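Data block below; observations after.
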Amino acid sequence: LILFAMPLAFSSILQQLFNSADVAVVGRFAGDNALAAVGSCVALVGIFVNLIVGLSVGPNAVLAMLIGQKDRGKISETLHTVITFGVFLGIGLMLIGWLTARPILELSGTPESVLDEALLYINIYFISIPFMVIYNFGAAILRSYGDSQRPMYYLLISGIVNVVLNLVLVIVFKLGVAGVAISTVISNVLSTALVLIHLYRRQDEFAFRFEKMGIKKQPLIRVLKIGIPAGIQGAIFSISNVFIQSGINSFGEYAIAGSSLALNFEYFTYDIANAFAQAAVTFTSQNYGAGNIKRCKRIFWQCMLFGFVFTEALSIIFIAWGDFFVSIYTTSEMVAAFALSRMYHVCSLEGLTTTYEVESAALRGMGKSLEPAIFTILGTVVFRLIWLATIFKMVPTYDMLMNVYVASWVFTGVSLLIVYLHHMRKISSS
């Protein structure tokens, strides 16, 4: 589990590190307004990214289950169905993004002073969506047979390209937010190409061939049955963050920039929790397909333990040296103050995200995707909206707004643990 999860965590941290380079370059060389413009798009970007990542759970779980069942004859048609569907899905999401960007940014209360730059950034960024879909589906295919290292190498290569282009386009060519968006598009194209080239070079059932591209009904249904609830869960989860973003926006541009800055550290820590959740999906799917329920239970508890401990270890490092890490991104004392406040209230307890992520992953690994989606939406969306309408309304401070995250993690984790234990009792007694 650790050998599988840590390269995956490192891959995600690398990806976030390179995304953080966007924020750092913009904050240092394009000013607070540009930083606020990129920060205003974080919640909107999260809707699409979480939808894509959630949908990619489907290919991972289905292919891993086929391996566990030793039904390798269906692997090739599932693989080509997944990639073909990914092409159409990516184009569709890109068009939806362009159509909804302005209304969503206005709805979230993006200040007029940064709206034009935010729209410029997000409209260029959305060009990368089709490539992002294909990369995530391709990486899910690799993870299904236990390869979590190649995606790490591919992200390392594309991320270095991203950082170099950031520096050149922003500092040399003075392109500001457009420069970091263009860099993101190019790096996503590169990582997608590397995944497809690897799959094309394979000579087994996981080989990708352009002439075999097409959509088969049965494999698509199996993938979507697991992927759609996970994708909707991720997207709706981000929609709740749009409402939280509107609360952040009410505190002004310094709060927007500071919150966006601190969010980078939350992503770093969350990447570890999510890596063990991905490990739980893959290992549970393979063992559930092979009928080994005892090992499924052991995988669950080990992923919970490792995910929480490793996530909190990194969180403690960020909190202990918070002033230093924040200074990398900004020289503004006001921005730094809001960033540190968010880190103390949210990042310090990021390990709690392991609970609901691993619980959801374990259930999806056994083919149960609807239940975790419903309870996660209740916990991280409905709960947060109620918090905004009641507690935050009574105590309208930035700190109280930040407390909604930890409270919702506790509620969701406990709820899903009850669902998981109930499901395992049913399996054990049948």
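If you're matching positions, the sequence shown starts at 16 in my numbering and goes up one per residue. Cβ coordinates follow ideal geometry from the N, Cα and C atoms, glycine included. As the structure is a prediction and not an experimental result, all values here were calculated from the model.
Could you tell me the distance, in whole angstroms, from the CA atom of Leu239 to the CA atom of Ala245?
9 Å
From which residue to which residue does the alpha helix (DSSP H) around Thr284 run?
Here the alpha helix (DSSP H) through Thr284 covers Glu268 to Gly304.
Tell me which same chain residues have a C-beta within less than 7 Å of the C-beta of Glu386, skipping the five on either side of it?
Leu378 and Val434
Touching or not, the segment 97-106 and the segment 130-142, by the rule of three or more beta carbon pairs under 8 Å?
Cβ pair count under 8 Å is below three, so no.
Can you name the start and end residues of the alpha helix (DSSP H) that Arg9 belongs to?
Because the chain is modelled from 16 through 445, residue 9 falls outside the range shown and cannot be assessed.
For Ile343, which residues of its own chain have a beta-carbon under 7 Å away from its beta-carbon, when the five flanking residues on both sides are left out?
Ala39
Check whether the Cβ of Lys189 lies closer than 8 Å to any Cβ atom in chain B.
Reference to chain B is not applicable here, since this structure consists of a single protein chain.
For Ala328, count the other beta carbons within 10 Å of its own beta carbon; 16 or more makes it buried, fewer makes it exposed. Which is it?
exposed
Can you list, in chain order, the stretches of the alpha helix (DSSP H) that have 4 or more residues and sit fully within the segment 24-63?
47-55
Below 8 Å CB to CB, which residues in the same chain sit around Glu268 once its five sequence neighbours on both sides are set aside?
Asp47, Asn48, Ala51, Pro126, Ser128 and Val129
Does the segment 330-350 touch the segment 396-406, meaning 3 or more C-beta pairs lie closer than 8 Å?
Too few Cβ pairs lie closer than 8 Å, so no.
Assign Asp338 to one of two classes, buried (16 or more other C-beta atoms within 10 Å of its C-beta) or exposed (fewer than that).
By the neighbour-count rule (16 or more Cβ atoms within 10 Å), Asp338 is not buried but exposed.
Quick check: the Cα distance between Leu431 and Val187, rounded to an integer number of angstroms?
50 Å
Can at least three beta-carbon pairs, one atom from the segment 197-205 and one from the segment 64-76, be found at a separation below 8 Å?
The segment 197-205 vs the segment 64-76: no contact.
Okay, do the segment 354-369 and the segment 221-232 touch, 3+ Cβ pairs below 8 Å being the bar?
no
Could you give the distance in angstroms between the alpha-carbon of Phe221 and the alpha-carbon of Ile90?
Each residue's Cα considered, the two are about 7 Å apart.
For Ala24 and Met167, what's the separation of their Cα atoms in angstroms?
The straight-line gap from Cα to Cα measures roughly 9 Å.
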